[in-house]
Each structure stands twice: as structure tokens, then as C-alpha cells.
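Input: a single structure, listed below in C-alpha cells.
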Amino acid sequence: MYAMAVHQLSDQLVQARGASRPTPQGGSNVVRAKPGLDINRAHKDGAPWWDVDVSKIPDATPTVHTGNYKANPYTVLGKTYFPIQDSRNYRAEGTASWYGTKFHGQNTANGEVYDLYGMSAAHKTLPLPAYVKVTNLDNQRSVILRVNDRGPFYSDRIIDLSYAAAKKLGYAETGTARVGAFANPDAAELLRSKLSGMSGRAAMYNGRFARQAQRLEYVLPARA
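Each residue of the sequence shown is one higher than the last, beginning at -6 in this note's numbering.
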């Protein structure tokens, strides 16, 4: 329907990421990822058969990320992409699309499980995970999303949203929309608050947060 061609990348891409996919934890109600890749499956994608009140689905809440980021070069369909290391000044305008039922329950590029009712997105070059604010330029609706996947692999589209996110922005029925997107600094602000109680070098050398502090500076506007 309106989905992008690839969101589960090939074995070659998995190797490029340099990390194995995590095993979901929890009881039997956990949605487990489905293995495999079919780059020709996009035409089978679509919206769920039942209506969803997306007004009750909250935007993604930026949180402090203490694990590894996915920012290694990778190749899809013969083209190599180089994720940006510094997204501090990331701004973009262009066409957004969405993906839905065909990919629901499958692994995203950073090993999370795609939920078509979640507030997430796929991007070709932002480090994973990241947070972006996306605005539909035709109706000025905005959402905050967690970027945890790669795509869309069409040159004229800049970002691929979950079904719920597209519906909140008002373009699930039309398939695409003209949007503006920019890196959201809230996650970095959360870290600053976390470190605010530490003095001088104690914060700098704190083993758990030092790397995160450096990474999250990338999404902050340049300081005066």
C-alpha cells in the first residue's frame, strides 16, 4: 500500500551494524520478532482492518539511552548510506510515508520490535535511537517520535512513520505528506538534569553517563 520497501535489512546490513539482535524478555504476551527479509513485500503492507483512536496514543517520551548507538555505514539495494554522527543541527523538509501491518512485530534496525500503534519512525541516516519532532506542513499537526529503524529507501522520501504516527498527522489515508522534521533536544536535556547534581569531573567520568553525555550533545542546539 503505502509502506517503504525495506525495514528489515539484509544479512549484509546486520553485519554492518556490528551487533546481534536482542532477545525479547517477558511472558508469553511479548510480541516476538519474525526473522527473514523479503524486499518485495511492500505491496502487501497496509493499515489494520479496525479503526484506532490515535488521540489516546501519547507521543514518544525522550529518555536517557545508555546502550550503544547504531551509526555504522550500511548498504541496501546496492546503495551505501553513511549515518550522521552529529545530528545537532538536523533539519529537513520533504515527503513522509508510513508502514504498517506487514512489518508489525518484526525487528527494527536497532533490534527493537516494530509496533504499528507505537510512535516511532524510520530514517536513513540519523543515529539509532534518536528522537525527532515531525510536523505536517499542510495542517501543522506535530508528533514526537523515536527513530529506531532504517528507511525509507526511496530518494524522494525523507522519513517513514508508524501507522499511528501518520494517522495522528492526518495522512494515513493519503499515504504521504509534506513534512518538516528536526532532531528533538529533550533527551539531552534529561541527561543534563541527571548530571546536574554531580560536580565537575565526577559527572565527566561517571562510567554510566559519560558516553551518553557526549552522544546527546549532538542533538542540542549550539550554545551561545
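Positions of the beta carbon are idealized from the N, C-alpha and C atoms, including for glycine.
Notebook entry, point to check: Out of curiosity, what's the CA-to-CA distance linking Arg143 and Glu86?
Noted result: 18 angstroms
Check: Since Ala170 sits in a beta bridge, which residues does DSSP pair it with?
Finding: Ala89
Next item on the list: Give a yes or no on whether the C-beta atoms belonging to Lys63 and Leu154 are separated by under 8 angstroms.
Entry: no
Item checked: beta strand (DSSP E) segments (min. 3 residues) lying fully within the stretch 91 to 172 -> 113 to 115, 123 to 129, 135 to 142, 150 to 155
Notebook entry, point to check: Using the rule of at least 16 other Cβ atoms within 10 Å of the residue's Cβ for burial, across every protein chain shown, is Asp31 buried or exposed?
Noted result: Low confidence applies here, because Asp31 scores a pLDDT of 39, under 50, leaving its location unreliable; read the following figure in that light. The residue is exposed, with fewer than 16 neighbouring Cβ atoms inside 10 Å.
Notebook entry, point to check: Thinking just about the alpha-carbon of each residue, which of Val125, Pro76, Gln133 is nearest to the one in Lys117?
Noted result: Pro76
Notebook entry, point to check: Since Thr68 is in the beta strand (DSSP E), which residue starts that stretch and which ends it?
Noted result: 67 to 69
Next item on the list: Give me the Cβ distance between Ala89 and Val47, rounded to the nearest whole Å; I'm assuming they're in contact under 8 angstroms.
Entry: No, Ala89 and Val47 are not in contact; Cβ-Cβ is about 16 angstroms, not under 8 angstroms.
Item checked: When Asn132, Thr101, Arg171 are compared against Asn141, the one with the closest alpha-carbon -> Thr101
Checklist line | Outcome for Lys161 when other beta-carbon atoms lying within 10 angstroms are tallied against a minimum of 16 | finding: buried
Note to self: What does the alpha-carbon distance come out to for the pair Val45 and Gly111?
What the structure shows: 12 angstroms
Margin query: Let me check understanding here. Comparing Cα to Cα, which of Pro66, Gly168, Ile152, Ala114 lies closest to Leu138?
Written below: Ala114
Notebook entry, point to check: Given a threshold of 16 other Cβ atoms within 10 Å of its Cβ, counted over all protein chains shown, does Glu166 qualify as buried or as exposed?
Noted result: exposed
Check: By a C-beta neighbour count over all protein chains shown, 10 Å radius and 16 as the cutoff for buried, is Lys72 buried or exposed?
Finding: exposed
Next item on the list: For my contact list, Ile151 and Ala174 are in at a C-beta cut-off of 8 angstroms; report their separation, rounded to the angstrom.
Entry: 7 angstroms
Item checked: Closest by C-alpha distance to Arg81, when choosing among Asp108, Leu119, Thr68 -> Leu119
Checklist line | Buried/exposed call for Gly93, threshold 16 Cβ in 10 Å | finding: buried
Check: Hey, Val172 and Leu130: beta-carbon distance below 8 angstroms or not?
Finding: yes
Checklist line | Reference Leu70, options Gly168, Gly163, Pro145, closest by Cα | finding: Pro145
Item checked: Supposed close pair Gly104, Arg134 - CB separation, criterion 8 angstroms -> Not quite, the Cβ-Cβ distance comes to about 30 angstroms (not below 8 angstroms), so this is no contact.
Margin query: I'd like the span of the beta strand (DSSP E) that includes Tyr74, first residue to last.
Written below: 72 to 74
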